[in-house]
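Protein sequence lines correspond, in order, to chains A and B.
Position 13, counted from 1, in the first sequence is what this note's numbering calls 13; the numbers after and before it change by one each time, with no gaps.
Position 152, counted from 1, in the second sequence is what this note's numbering calls 1152; the numbers after and before it change by one each time, with no gaps.
Backbone N, C-alpha and C fix where the C-beta goes; we use that ideal spot for every residue, glycine too.
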Amino acid sequence: MTVAVIQFGGSNCDRDSVQALEEIGVEAELVWHEDGLPEDVDGVMLPGGFSYGDYLRAGAMAGRSPIMEEVKTAAEDGTPVLGVCNGAQIGCESSLTPGAFTTNESARFQCEHVYLRVENADTPWTRAYDEGEVIELPIAHGEGRYEIADDRLEELEADDRVLFTYCDADGTVTPEANPNGSKHAVAGITGDRGDHVAVMMPHPERVALADLGHTQGQGVLEGFET
Amino acid sequence: MSLADSDRELVVEELGRDPTPAEEALFENLWSEHCAYRSSRPLLSAFDSEGEQVVLGPGDDAAVVALPSSDDGSEATYITMGIESHNHPSYVDPFDGAATGVGGIVRDTLSMGAYPIALADSLYFGDFDREHSRYLFEGVVEGISHYGNCIGVPTVTGSVAFHDDYEGNPLVNVACIGLLDADRMITAEAQEPGNKLVLVGNATGRDGLGGASFASEDLAEDAETEDRPAVQVGDPYTEKLLIECNEQLLDEDLVESARDLGAAGLGGASSELVAKGGLGATIDLERVHQREPNMNALEILLAESQERMVYEVEPENVDRVAEIADRYDLGCSVIGEVTDGNYVCRFDSEAQRASEESSGEQSEPRDRETVVDAPAEFLGDGAPFNDLPAEEPTQPDRDLPEVALEEAFDTVVGSPNTASKRWVYRQYDHEVQVRTAVRPGDDASLTAIRETGQGLAFSSGADPNWTDAAPYEGARAVALENATNVAAQGATPLAAVNCLNGGNPEKPDVYGGFKGIVDGLADMCSTLDVPVVGGNVSLYNDSATGPIPPTPTLALAGTKEGYDAPPAAFQGEGTLLLVGARALEGDAEPRLGGSEYLAQFGGSDRFPELPSDPAALVETLADVANREETLATHDVSHGGLAVALAEMVTEDAGAAVEIDAPNKGSAAELLFGEQAGRVVIETTAPSEVREAFDGVAPVYDLGDADDSGAMDLTVNGESLTYDAADVADLRSIIERELA
């Protein structure tokens, strides 16, 4: 089991992701985007950062880079793919996942810990949790507001494709607990090719190292342990 | 600004001829106050930069300090420390000025071979009530956020202060810590004649021309429009690529020495690099990769285009360096080589024109014009120092206002200076690199150094009220406060860097105040046995609204075993002790000098006396903070005890505090006096804490923490009650106003 953590120019959570995966016993290697996806990988992680400096739109250029064609092919074949933060923006820009992540309601970058309610515990990324469970993960983004057409979002919700929503400490979804104005407080969703593909704005890899005292993000990364 | 007549005479004498226009511009910039420290160097010998942990002290791009070794025979781990100011650019263009300040200090870290792991920003603005202050504040924070976040270096700590004398000249001081293995260390000292000089990074344009000399004058009233061309524009994406490229160059051991291009651009960096090695260079300026057409020699030499590094590379490694630069989409040009002669720059304007016309095809140089030919050491170190008159500052008489206690509490706790800075640090990515064990908002940050199993505590700041009231005593307090912040996390101070900001040194009272902060900071750091391993001086922070208060930002790092530290919030289960309060002990008079209380209500007083044995206090505090019985620790400083206690209240925990000591001071003096070197400790073993501080510092019993979520405070019979929501409301002014 080796997960390829894709490095674009400007990725900055690439090494963090490798460390977090190794913490839970998943082998991981950094793959520079120009070198292409190795053939024998069993999973792909698109890490956070500012690929191509977020110029044009967050994730727009990386989403159209050649390696993403390979990632999409791997996803078609059932390889688990997780996009986090900038990786989530890349996921949406490359149509691995529906919708878009755009400028926060505050129009500012926000780095803070938030509460998430697990909406569907029956996916590789959430099976470590219970449905309705509240977990605390950090966010760090300026463009994390989830946007999608209303009817499309209703379809996603009906199909149980929302992984997490932003909520308060008690698990109630309120406007105040929604840090960026995401539609229906959506923090993470699964892909069109099945729930082995997912993207989310909060950073599970930042709360996965036991020596920092918080490990609630490990459950998400365990999705690679198929 | 041009080269002063007296300087020009020295240059003519040394060269035996008139300088060329390029030489004249190079001397003007390299001999500016900003680069040559002409007015401050005579004072800086006050700092003690020695210590067994110090690998490389002041004078390079950044200092290098060894982490305490665990004696297991493993390779030593070093940190780099550097600090820099970007004051004038941030006034003219707050976003880009502050952003490029981050970029510069990060490249100073790279040029030692280190990977940047933590940033701290200490920011100073005019009154928060002023619209212009807010414009600068918002722009600066956004610039730091934009740049620091994008390059993936966490901004973990810092400080923000408002004082009306910054109205015409804000301060932006940025510190960076890097991490490296001992065997990776490189310096900015050229090694060997014959090695190539390779320029890697952004293409050179006409941006930031004359930035160093711009930073060495008072800000003119029309600076916002007139000096904009002297401000550089940053590209954090390229900086991130440069960080990764630098890392790979070091992994493959391809670099002999390195220097980042900052003030005075290529001319500054390349001449300083070879001067430090006692060598020279020959540089062909038309080989520099450029982004604008028709640049002349002087522009190529002095432009302060960002995200560029110059490397000394052995000839056989040059191709590999170019390959790696190309992998990261970075420009790369071999611009010349190290020699044992003069620092020589040549320029072939025809080759330049040909290469511009024929898409990069470089013709073989014919007769190049020599535009610079001067001894490198004379360029770097030839500037004479200024011996300026100083007027010693005096402390004011006592003249205290009459204010009702509740009004005083609401005003001081609600002041933007003491308010929550969450609005600021929420915009900084403070968790990238997954090392952040204690986040911003505490006394000091704590960064996990897994390479050695140690926690690195980091604190940065100064208090303009203190050094405005009493430059020498205030600067001593600044040093002690930063050390106390680190010790409150259980860490022992390791080393510090300083950023000394002052007004126009040609004014004797300004220079006297500046001398005061230099001596005060130096004396307390020596007392605490903290080597000051590097720094930055920024003078001429003066404008139509007058000089800034002398501002000695200190960025201090300390280490501890492991990554746990007591929080700065009440836990609700222990006894509350106040350590280090001299007035309450009765061995010093209570004083309000330099306090936020006087800043808000007017009046004056002398600055409070500091603890008599600060070194023992800091050492004992670091020990006590690490005890299992210690539930919380919080430094008492800005805003006094009132603010420290208020900050500790949470929705789940509060305290009942009673101070009955009318013969030791008034309620206002006891609550709002800002004597540094005090700390509130919540402990379940109060007698052991008293014992530990016996003979070190006084310990006063404040009362008990509880689970009320409110603070009941009684001082000399007067009572106040505030719950967590009241305090949060008072402390939210910045967030409320700028949301």
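Note: residue 161(A) is not bridge-paired with any residue in the DSSP secondary-structure output. Between residue 1313(B) and residue 1254(B), the beta carbon gap of about 6 Å places them in contact (Cβ cut-off 8 Å).
Note that the C-beta distance between residue 1231(B) and residue 1309(B) is not below 7 Å.
Using a Cβ-Cβ cut-off of 8 Å, residue 1329(B) is close to 9 of chain A, given in chain order. A contact is defined here as three or more CB-CB pairs under 8 Å, and the region 1623–1640 of chain B meets this definition with respect to the region 1558–1575 of chain B.
Considering only beta carbons, no part of the region 117–129 of chain A lies closer than 9 Å to chain B.
The CB of residue 112(A) comes closer than 8 Å to the CB of 1426 in chain B, given here in chain order.
For residue 32(A), there is no enclosing alpha helix (DSSP H); the enclosing beta strand (DSSP E) has its first and last residue at 27–32.
Per DSSP, the unbroken beta strand (DSSP E) holding residue 1678(B) starts and ends at 1678–1683. Boundaries of the alpha helix (DSSP H) around residue 1245(B): 1236–1251.
Exposed is the label assigned to residue 1319(B), since fewer than 16 other Cβ atoms lie within 10 Å of its Cβ. Counting along the chain, residue 1308(B) sits inside no alpha helix (DSSP H); it lies in the beta strand (DSSP E) bounded by residues 1308–1313.
For a Cβ distance threshold of 7 Å, residue set 12, 49 of chain A lies close to residue 1152(B), ordered along the chain. Within the region 83–111 of chain A, the residues whose Cβ lies closer than 7 Å to some Cβ of chain B are 108, 109, 110, 111, listed in chain order.
The residues 1603, 1604, in chain order, have a CB closer than 6 Å to that of residue 1399(B) in the same chain once the five nearest residues on each side in sequence are set aside. Identification of residues in the region 134–153 of chain A having a C-beta nearer than 7 Å to some C-beta of chain B yields 138, 140, given in sequence order.
Within chain B, the C-beta atoms nearer than 9 Å to that of residue 205(A) come from 1434, in chain order. Per DSSP, residue 19(A) has no beta bridge partner at all. Counting the other CB atoms within 10 Å of its CB gives residue 31(A) a total of 16 or more, which places it among the buried residues. Here the C-alpha atom of residue 25(A) lies approximately 24 Å from the C-alpha atom of residue 33(A). The Cβ-Cβ distance between residue 1140(B) and residue 1084(B) does not fall below 7 Å. Residue 188(A) and residue 53(A) have their alpha carbons spaced roughly 23 Å apart.
Within the region 1116–1132 of chain B, not one residue has a Cβ closer than 8 Å to any Cβ of chain A. Here the C-alpha atom of residue 1675(B) lies approximately 15 Å from the C-alpha atom of residue 1418(B). For residue 190(A), the three-state secondary structure derived from DSSP is strand. Residues of the region 22–33 of chain A that bring their beta carbon within less than 8 Å of a beta carbon in chain B comprise 32, in sequence order. Taking the C-beta atoms as reference points, residue 1503(B) is found nearer than 7 Å to residue 1547(B).
At a cut-off of 7 Å between beta carbons, residue 160(A) makes no contact with chain B. The DSSP-derived three-state label of residue 1186(B) is coil. Taking 7 Å as the CB threshold, residue 1560(B) stays off the interface with chain A.
Here DSSP, grouped into helix, strand and coil, assigns residue 1731(B) to coil.
Close to residue 1241(B), with beta-carbon spacing below 8 Å, are these residues of chain A in chain order: 9, 10. DSSP places residue 1100(B) within a helical segment (H, G or I) once states are collapsed to three. Here residue 1300(B) carries a helix assignment [DSSP, helix/strand/coil].
For the C-beta of residue 19(A), the chain B residues within less than 7 Å are, from N- to C-terminus, 1434. When 9 Å is used as the limit between beta carbons, residue 53(A) is near these residues of chain B: 1150, 1235, 1236, 1237, 1238, 1240, in chain order.
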